[in-house]
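Residue numbers (UniProt numbering), protein chains in the order written: chain A, 1 to 332; chain B, 1 to 332. Cβ atoms here follow ideal geometry from the backbone N, Cα and C, with glycine treated the same way. Single-structure report; data block below.
Protein chains: 2
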Amino acid sequence: MRIGIVGATGAVGKELLSVLEKRNFPVSELRLYASARSAGKSLKFRGKEVNIEALPETPLPVDVVLASAGGAISKQYAPIWAKQSVVIDNSSAFRYDPGVPLIVPEINAHAIQGHKNIIANPNCTTAILVMALYPLHKAFGAKRVIVSTYQSSSGAGASGMEELLHGTRQYLAGQPVEHKTFAYPLPFNVIPHIDAFQENGYTKEEMKVLWETQKIMGDTQIRVSCTAVRVPTLRVHSEAVTVEFERPISPEAAREVLQGAPGVDLVDDPANKRYPLPLTATGKFNVEVGRIRKSLVFDNGLDFFVAGDQLLKGAALNAVQIAELLQKPVAG
Amino acid sequence: MRIGIVGATGAVGKELLSVLEKRNFPVSELRLYASARSAGKSLKFRGKEVNIEALPETPLPVDVVLASAGGAISKQYAPIWAKQSVVIDNSSAFRYDPGVPLIVPEINAHAIQGHKNIIANPNCTTAILVMALYPLHKAFGAKRVIVSTYQSSSGAGASGMEELLHGTRQYLAGQPVEHKTFAYPLPFNVIPHIDAFQENGYTKEEMKVLWETQKIMGDTQIRVSCTAVRVPTLRVHSEAVTVEFERPISPEAAREVLQGAPGVDLVDDPANKRYPLPLTATGKFNVEVGRIRKSLVFDNGLDFFVAGDQLLKGAALNAVQIAELLQKPVAG
Chain A
1 MRIGIVGATG
11 AVGKELLSVL
21 EKRNFPVSEL
31 RLYASARSAG
41 KSLKFRGKEV
51 NIEALPETPL
61 PVDVVLASAG
71 GAISKQYAPI
81 WAKQSVVIDN
91 SSAFRYDPGV
101 PLIVPEINAH
111 AIQGHKNIIA
121 NPNCTTAILV
131 MALYPLHKAF
141 GAKRVIVSTY
151 QSSSGAGASG
161 MEELLHGTRQ
171 YLAGQPVEHK
181 TFAYPLPFNV
191 IPHIDAFQEN
201 GYTKEEMKVL
211 WETQKIMGDT
221 QIRVSCTAVR
231 VPTLRVHSEA
241 VTVEFERPIS
251 PEAAREVLQG
261 APGVDLVDDP
271 ANKRYPLPLT
281 ATGKFNVEVG
291 RIRKSLVFDN
301 GLDFFVAGDQ
311 LLKGAALNAV
321 QIAELLQKPV
331 AG
Chain B
1 MRIGIVGATG
11 AVGKELLSVL
21 EKRNFPVSEL
31 RLYASARSAG
41 KSLKFRGKEV
51 NIEALPETPL
61 PVDVVLASAG
71 GAISKQYAPI
81 WAKQSVVIDN
91 SSAFRYDPGV
101 PLIVPEINAH
111 AIQGHKNIIA
121 NPNCTTAILV
131 MALYPLHKAF
141 GAKRVIVSTY
151 QSSSGAGASG
161 MEELLHGTRQ
171 YLAGQPVEHK
181 TFAYPLPFNV
191 IPHIDAFQEN
201 GYTKEEMKVL
211 WETQKIMGDT
221 QIRVSCTAVR
231 VPTLRVHSEA
241 VTVEFERPIS
251 PEAAREVLQG
261 APGVDLVDDP
271 ANKRYPLPLT
281 ATGKFNVEVG
291 RIRKSLVFDN
301 GLDFFVAGDQ
311 LLKGAALNAV
321 QIAELLQKPV
331 AG
């Protein structure tokens with residue numbers, strides 16, 4: 001398969017190269033695209049240097065485009081790329097288009113059928129949430145979901161990570177802390193503001209969690225309320241989740257379901273200080289789930305905590321998994 | 001009033017000195033107590049050096065003891081101090097004793113009546129939560145409360161703050177990050193583990209929020225579920241809160257109530273990037289409340305975000321406010 005990566009030098013772009021390698025994805029040819037600024041440089045893939053090209057305004061000579069250069073680029077170019085390639089788009093530009101499948105392979109691989117050469121990769125926070133939520137939903141019927149997030153700086157790309165590290169150094173040196181990617185200095189702070197505010201007072205990031213959870217799980221009845229908060233970590237989004245279910249649920253029954261769920265690591269042994277952490281979830285393909293306990297507010301309710309590497313399951317890994325789906329006949 | 005501070009060199013102890021100064025509390029004599037290690041040193045109060053004494057095993061020659069040296073010290077000595085002084089105790093040792101009032105002066109000042117010389121100061125997370133929750137509860141009747149916290153390192157005292165700063169320097173220098181106060185390294189991490197795990201899977205910190213919210217608000221029917229998470233900040237606990245109310249509520253009506261609530265700063269103008277932040281709540285007596293919006297999971301529900309300096313309203317300020325109550329006749 002000829003693969004093109006758009007946004008190859010970004011935080012997700014670099015992870016895409018690494019995930020294609022680690023999963024032995026059959027790449028017959030690799031083309032890397034980035035802004036004109038990076039053209040002429042190169043990145044290593046399977047031991048060879050691959051040149052970075054400036055993005056042309058034409059279709060790309062590849063079978064699959066993995067696009068991760070932001071919504072504006074995708075909106076403008078994906079329809080052009082889609083003439084000759086299947087586009088797996090990491091931006092939010094097409095996610096809510098009813099004609100565009102929004103895929104988490106462990107959950108709704110079947111929805112890829114009938115795609116029109118654009119397939120959307122979900123928002124990172126949502127992808128991590130549904131990995132734990134969907135198996136429980138299938139078994140017990142989720143009705144209401146309340147999510148509070150602890151999102152890392154790299155959710156805003158490589159520049160977010162650099163701004164946090166640079167700003168932390170400035171803080172420790174007693175200097176004023178510069179910021180540009182984030183609305184306020186992030187070092188030793190938390191910021192309840194990710195993406196643009198909507199008319200209803202929620203941010204777009206928070207609304208994405210509702211919209212995308214409903215679309216991926218194929219259930220428009222489920223109610224989801226999210227508070228999205230940026231915290232001074234480098235990688236991994238963590239989420240505190242409270243769910244009310246239709247049917248009775250116990251922590252034991254939930255653990256049994258999650259133990260067998262694909263892409264999930266059950267990390268739930270508080271007595272031995274085992275619970276999900278950015279520290280341990282960094283670089284991991286699977287999403288960590290733990291702190292599972294009976295909700296104190298709902299009779300059929302559960303509280304739990306998840307931590308997932310948002311550059312992997314929340315972006316690069318999930319995109320490569322979608323590309324893998326394209327290689328095989330999809331089960332009905 | 002003769003005031004004694006036990007635990008004078010700790011993070012809360014230092015804030016107690018500063019709050020007594022800022023509120024012009026009528027201190028006729030000040031005695032400072034700490035561990036033997038600190039005895040002989042001194043701290044400045046109103047421009048004068050005050051000697052630090054080792055804690056004796058006897059009653060203290062003061063009218064009010066402000067105790068902030070941990071639960072074990074309070075459990076052992078508070079009954080002795082209470083023979084001659086009123087003890088305002090910042091630990092959890094007596095909070096759940098039905099004979100001990102647990103006081104947030106803006107909310108249940110009346111409950112101080114009939115105290116038996118021990119008055120409990122609430123858990124920091126709870127104190128900050130109820131400042132916003134109680135006025136809304138009075139107006140609309142809170143039924144279910146879901147709280148996810150973003151708690152700062154100084155919630156674990158001065159050593160927590162030092163461990164975070166030291167560890168961050170180690171991380172940036174590429175060295176292994178030491179940790180002792182926290183279960184895992186806190187720099188660039190979040191840890192969903194504060195205080196000891198209970199049999200039901202919640203931590204004691206999380207259960208305190210339920211127990212103390214019910215006791216302070218005088219309502220044992222209200223259901224509260226909390227996830228308590230340590231984040232790499234220095235001061236201020238932030239909390240994402242979802243509440244279901246008995247009666248219909250709108251963000252506008254909630255803002256009107258909170259605008260007039262004592263001890264609350266309404267910081268809720270997302271269009272101008274105004275919302276609660278550790279950065280702005282640090283050192284502030286009032287608790288910041290914002291991000292107020294209609295819940296997407298409850299018909300009569302509200303989501304909001306609070307940030308309060310847990311060394312102040314969550315500890316030192318509230319303790320001094322309780323001491324102020326002792327000076328004046330309490331309204332029935």
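Residue range of the unbroken alpha helix (DSSP H) whose run includes residue i
i                      : result
residue 160 of chain B : 158 to 172
Proximal chain B residues relative to residue i, where beta-carbon distance stays under 8 Å
i                      : result
residue 250 of chain A : Result: empty, since nearest Cβ-Cβ is about 11 Å, beyond 8 Å.
residue 233 of chain A : 188, 189, 190 and 232
residue 372 of chain A : Outside the displayed range of chain A (1 to 332) lies residue 372 of chain A, so it cannot be described from this structure.
residue 197 of chain A : 270 and 271
residue 238 of chain A : 190, 192 and 229
Proximity winner among the options, relative to residue i (alpha-carbon distances)
i                      : options                       : result
residue 250 of chain B : B/200, B/211, B/299 and B/208 : B/299
residue 99 of chain A  : A/175, A/85 and A/119         : A/119
residue 71 of chain B  : B/61, B/37, B/95 and B/53     : B/95
residue 128 of chain B : B/320, B/117, B/58 and B/238  : B/238
residue 199 of chain A : B/51, B/83, B/319 and B/294   : B/294
residue 51 of chain A  : A/59, A/275, A/57 and A/41    : A/41
residue 292 of chain A : A/54, A/28, A/193 and A/254   : A/254
residue 284 of chain B : B/102, B/323, B/252 and B/235 : B/235
residue 148 of chain B : B/318, B/256, B/307 and B/7   : B/307
residue 122 of chain B : B/144, B/155 and B/138        : B/155
residue 141 of chain B : B/301, B/326, B/274 and B/322 : B/301
residue 2 of chain A   : A/240, A/183, A/32 and A/193  : A/32
residue 303 of chain B : A/224, A/296 and A/322        : A/224
residue 85 of chain A  : A/194, A/182, A/152 and A/6   : A/6
residue 317 of chain A : A/134, A/93 and A/105         : A/105
Per-residue contacts from residue i into chain B (C-beta, under 9 Å)
i                     : result
residue 80 of chain A : Correct list: empty, because the minimum Cβ distance to chain B is about 35 Å.
Helix, strand or coil at residue i [DSSP, three-state]
i                      : result
residue 330 of chain A : Residue confidence for residue 330 of chain A is low, a pLDDT of 47 falling below 50, so the modelled location carries little weight and cannot support an answer.
residue 183 of chain A : coil
residue 316 of chain B : helix
residue 257 of chain B : helix
residue 119 of chain A : strand
residue 191 of chain B : strand
residue 323 of chain B : helix
Terminal residues of the beta strand (DSSP E) in which residue i lies
i                      : result
residue 302 of chain B : 301 to 308
residue 149 of chain B : 142 to 150
Under 7 Å by beta carbon: chain A residues contacting residue i
i                      : result
residue 242 of chain B : 146 and 225
Under 9 Å from the C-beta of residue i: neighbouring residues of chain A
i                      : result
residue 204 of chain B : Neighbours of residue 204 of chain B on chain A: none; closest Cβ ~12 Å, over 9 Å.
Interface residues of chain A facing residue i [CB-CB closer than 8 Å]
i                      : result
residue 273 of chain B : 183, 184 and 193
residue 169 of chain B : 172
residue 150 of chain B : 150, 190, 229 and 231
residue 98 of chain B  : None at all; the shortest Cβ gap to chain A is about 21 Å.
residue 278 of chain B : 188, 189 and 190
residue 333 of chain B : Chain B is shown only over 1 to 332; residue 333 of chain B falls outside these bounds and no answer can be derived.
7 Å Cβ cut-off: residues of chain B touching residue i
i                      : result
residue 305 of chain A : 192 and 227
residue 295 of chain A : 225
Ranges of the alpha helix (DSSP H) found wholly within the UniProt domain "Semialdehyde dehydrogenase NAD-binding" (2 to 115) of chain A, counting only runs of at least 4: Listed in chain order, the complete alpha helix (DSSP H) runs (minimum 4 residues) inside the UniProt domain "Semialdehyde dehydrogenase NAD-binding" (2 to 115) of chain A are 11 to 22, 71 to 81 and 105 to 108.
In chain order, each beta strand (DSSP E) run of at least 3 residues that lies wholly inside the stretch 263 to 294 of chain A: 264 to 266 and 287 to 294
Complete beta strand (DSSP E) runs within the stretch 211 to 252 of chain A (minimum length 3 residues, chain order): As far as the stretch 211 to 252 of chain A is concerned, its whole beta strand (DSSP E) runs of at least 3 residues are 223 to 227 and 237 to 245.
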